[in-house]
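Participant: This is the structure, below, for whatever I ask next.
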Amino acid sequence: PQDRQLRELVRGQIGVMVNDVLEHTRASLTGIENEADVRNADRTLAGFSPEMAGQERALKAFMYDKLYYHPEQVETAEKARQVIASLFEAYAHDPQLMANGWARDLPTDEPARSRRIADFIAGMTDRFAINQYAKLHGETPKGLSNV
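Okay, structure coming up:
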């Protein structure tokens with residue numbers, strides 16, 4: 016129930032912000048008739064209203080302070096970085112560990128080889144990456160099992 020309420024709150028906030036952009040942009044386009052008018056405009060034509068822009072900056076500051084840089088989040092991000100580094104090292108050492116033929120077309124030259132391995136990892140869901148880590152190391156990474 017609480018998760019659903021949070022999702023609804025976020026969805027509602029996004030709706031308010033999108034509607035603000037649409038309304039403010041529509042109003043900003045008054046008098047704009049062609050491409051030259053857009054290029055010569057002396058103002059931003061698309062974006063938040065000044066009121067919403069201030070609220071968005073306050074929300075962003077709150078999110079960085081209370082969520083993105085929260086010690087628990089920073090710790091979790093470091094654990095995730097270690098999982099990804101471990102996967103990269105394993106695949107670089109033994110490309111056959113990569114699924115679905117990714118190793119078959121693996122370039123031999125750098126940086127193309129590393130880029131291909133990174134692309135394979137980037138395409139993983141969190142759960143798949145955790146499962147791959149568990150297969151390689153025989154244990155689920157601590158602190159990331161419920162991602």
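In short: position in the sequence shown from 1, add 15, done, that's the numbering used here. We treat Cβ as the ideally placed atom computed from N, Cα and C, and that holds for glycine. Predicted, not measured: the structure shown is a model, and the values here were computed from it.
At a Cβ threshold of 8 Å, is A127 touching chain D?
Facilitator: Among the chains of the structure shown, chain D does not appear; only one protein chain is present.
Participant: Confirm the yes/no value for this check: CB of E38, any heavy atom of the ligand GDP, distance under 7 Å.
Facilitator: This structure lacks the ligand GDP, and indeed carries no ligand of any kind.
Participant: DSSP three-state call for R1: helix, strand or coil?
Facilitator: Given that the chain is displayed from residue 16 to residue 162, the structure contains no residue 1 and the question cannot be resolved.
Participant: So, E71 versus M32, is the Cβ gap smaller than 8 Å?
Facilitator: Contact flag set, yes.
Participant: Is it the case that the Cβ atoms of V98 and F63 are separated by a distance below 8 Å?
Facilitator: Not in contact: V98 and F63 (Cβ atoms no closer than 8 Å).
Participant: Hey, how far is the Cα of V162 from the Cα of H39?
Facilitator: Model confidence at V162 stands at a pLDDT of 49, short of 50, so the residue's coordinates are unreliable; what they give is reported in the following sentence. Answer to the nearest angstrom: the Cα atoms are 38 Å apart.
Participant: Please determine, among R54, G30, R58, the residue with the shortest C-alpha to C-alpha distance to S43.
Facilitator: The residue with the shortest Cα to Cα distance from S43 is R58.
Participant: Please classify I29: is it buried, with 16 or more other beta-carbons within 10 angstroms of its beta-carbon, or exposed?
Facilitator: Looking at its Cβ environment, which holds fewer than 16 other Cβ atoms inside 10 Å, I29 is exposed.
Participant: For my contact list, L102 and I136 are in at a C-beta cut-off of 8 Å; report their separation, rounded to the angstrom.
Facilitator: Going by Cβ atoms, the distance from L102 to I136 rounds to 6 Å, so yes, they are a contact pair.
Participant: Determine whether the beta carbon atoms of A105 and L151 lie at a separation below 8 Å.
Facilitator: Yes; because the gap between Cβ atoms is below 8 Å, this pair is in contact.
Participant: Of the residues G69, V53, A95, E48, which one's Cα is nearest the Cα of Q147?
Facilitator: The shortest Cα separation from Q147 among G69, V53, A95, E48 belongs to A95.
Participant: Ignore the nearest five residues each way along the sequence and tell me which others in I132's own chain have a CB closer than 7 Å to its CB.
Facilitator: So the qualifying residues of the chain are F103, Y106, A107.
Participant: Closest to P156 by C-alpha separation, out of L121, E93, T123, would be which residue?
Facilitator: Ranking the options by Cα distance to P156, first place goes to E93.
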